[in-house]
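Under UniProt numbering, think of the first position of the sequence shown as 1, with each following residue one higher.
Where is the CB? At the ideal position from N, CA and C, for every residue including glycine.
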Amino acid sequence: MAVEHLEKRDNESSIGILCYQIATVSKQKSEAMFQEASLNISTDQAWILAKANEKGEDGVQQSELVTEEQIVGAKSQVSRLIQDLVEKDYLARRIDPNDRRQTYLITTSDGLKVLHQVEEIILKRKNAYLYSLSIEEYNTLMRLLNKALHAIKNN
Numbered sequence: 001m002a003v004e005h006l007e008k009r010d011n012e013s014s015i016g017i018l019c020y021q022i023a024t025v026s027k028q029k030s031e032a033m034f035q036e037a038s039l040n041i042s043t044d045q046a047w048i049l050a051k052a053n054e055k056g057e058d059g060v061q062q063s064e065l066v067t068e069e070q071i072v073g074a075k076s077q078v079s080r081l082i083q084d085l086v087e088k089d090y091l092a093r094r095i096d097p098n099d100r101r102q103t104y105l106i107t108t109s110d111g112l113k114v115l116h117q118v119e120e121i122i123l124k125r126k127n128a129y130l131y132s133l134s135i136e137e138y139n140t141l142m143r144l145l146n147k148a149l150h151a152i153k154n155n
């Protein structure tokens with residue numbers, strides 16, 4: 001019984017390491033492609049731009065960007081990334097007239113141009129690694145990864 005438990009723990013560790021490696025290599029390759037395209041943006045900043053763009057003209061609250069998934073990082077890191085995007089004129093800040101404590105981030109026209117280039121690069125990256133999987137394999141992989149994520153969050 002103890003050996004079975006140990007093997008399962010080792011497998012969980014291996015899965016975590018493999019997922020981390022996939023995410024790290026993918027991020028590095030995406031950032032290299034951003035540099036090749038002369039985009040002055042990181043993958044974390046691209047994620048922030050995408051989240052702001054999802055909200056349209058309403059914008060996104062900075063607090064919404066520090067998520068439980070911690071895709072970007074701590075609040076201070078998100079603040080630095082946002083400030084850089086504002087300085088590059090990719091994001092604009094809008095203060096809520098009803099609650100001046102609330103600031104919304106809105107994607108500018110320059111930000112949209114960069115975001116469209118980023119989306120093209122991400123699509124190329126995604127197609128490059130998904131090309132090696134059949135549709136069935138891809139669906140199975142996604143189902144299993146989501147199942148593992150759900151199990152980790154709820155245990």
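What's the gap between the Cα of residue i and the Cα of residue j?
i: A50; j: N155; result: 31 Å
i: A128; j: I48; result: 24 Å
i: R94; j: L115; result: 20 Å
i: S14; j: E57; result: 43 Å
i: S42; j: T140; result: 30 Å
i: Q21; j: K153; result: 20 Å
i: A32; j: A23; result: 14 Å
i: G16; j: E136; result: 23 Å
i: H150; j: R143; result: 11 Å
Residue i by DSSP, collapsed to three states: which one?
i: A92; result: strand
i: T140; result: helix
i: Q102; result: coil
i: V60; result: strand
i: T108; result: coil
i: N154; result: helix
i: Y20; result: helix
Assuming residue i and residue j make a contact with CB atoms under 8 Å, what is their CB distance in whole Å?
i: N53; j: L112; result: 7 Å
i: T103; j: D89; result: Rounded, the Cβ-Cβ distance is 17 Å, inconsistent with contact.
i: V78; j: V60; result: Not quite, the Cβ-Cβ distance comes to about 11 Å (not below 8 Å), so this is no contact.
Less than 8 Å between the C-beta atoms of residue i and residue j, yes or no?
i: S38; j: R125; result: no
i: A92; j: I106; result: yes
i: Y138; j: L130; result: yes
(message) For the segment 114-121 against the segment 37-48, do three or more pairs of beta-carbon atoms, one drawn from each stretch, fall closer than 8 Å, so that the two count as touching?
(response) yes
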